Amino acid sequence: MRLVLIFLVTFVVVFFIAVHFLKTKKVSNTVLLPSRKMEGVEDVNSENYDDVVGHDRYVLIEFYADWCGHCRVFSPTYAKFAKYVQHRPDLVSRLIVAKVNSPENVRIEQRYKIEGYPTVLLVPPHSHTWVEFQHSRDVNGLTQFVEEQLA
């Protein structure tokens, strides 16, 4: 009887630890989703595309898919870069940091000939042409790329 009680208590404890771990893991994956709201990042879709792109500011656009592991790794870096831009008056006045959920916006994806994720493009003002980001995928690489293109 004592052995059964020990087994039952152990099972219950392990069960609750496992449930807690799975809930924690689920929350942490949600935090990394590129589709989450990011301060300073404009969510672009087929409804607002023409309001964001092609006007008097450069637009840095990340094309992503939530299922993409590389996108989840890059997402916190892109969010940090957007916050950095918000603290740089010389950049925030000339640059919009944006993102497009590609699987949900296939027409925009096709317009820019996106073949993989994440893809980051810089669209100049009054244009729908682009320059593809090819630097290191960190805040410094994004900053260097943007500053070179805006110079």
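In full-length UniProt numbering, the protein residues as written are 1 to 151. From the three backbone atoms N, C-alpha and C, an ideal C-beta is built for every residue, glycine too. Remember, predicted model here, so these are calculated numbers, not experimental data.
Could you pull the DSSP bridge partners for residue i from this structure?
| i | result |
| --- | --- |
| E132 | L121 |
| V44 | V100 |
| F63 | V100, T119 |
| L95 | Y58 |
How far does the alpha helix (DSSP H) with residue i in it reach, from first residue to last?
| i | result |
| --- | --- |
| L33 | It is not in any alpha helix (DSSP H) - L33 carries neither H nor E in the DSSP assignment. |
| H106 | Here residue 106 is Val; the residue named in the question, His, does not match the sequence. Counting along the chain, the alpha helix (DSSP H) containing V106 begins and ends at 106–111. |
| R72 | 69–86 |
| E147 | 139–150 |
| V52 | 49–52 |
Could you round the C-beta distance between residue i and residue j to whole angstroms and report it? I think they count as a contact, below 8 Å.
| i | j | result |
| --- | --- | --- |
| D50 | K99 | No, D50 and K99 are not in contact; Cβ-Cβ is about 17 Å, not under 8 Å. |
| I108 | S46 | 6 Å |
| residue 158 | L60 | This structure cannot settle anything about residue 158, because the visible part of the chain is limited to 1 through 151. |
| A65 | S93 | Their Cβ separation, rounded to whole angstroms, is 31 Å, which puts A65 and S93 out of contact at 8 Å. |
| H70 | Y117 | 7 Å |
| P76 | L32 | 7 Å |
| V52 | L91 | Wrong, their Cβ atoms sit about 16 Å apart, outside the cutoff. |
Would you say residue i and residue j are within 7 Å of each other, going by their C-beta atoms?
| i | j | result |
| --- | --- | --- |
| V139 | K80 | yes |
| E104 | L121 | no |
| I6 | F63 | no |
| R57 | P124 | no |
| Q86 | G54 | no |
| H135 | Q149 | no |
| F74 | R2 | no |
Are the C-beta atoms of residue i and some chain C residue less than 7 Å apart?
| i | result |
| --- | --- |
| I6 | The structure shown has no chain C; it contains just one protein chain. |
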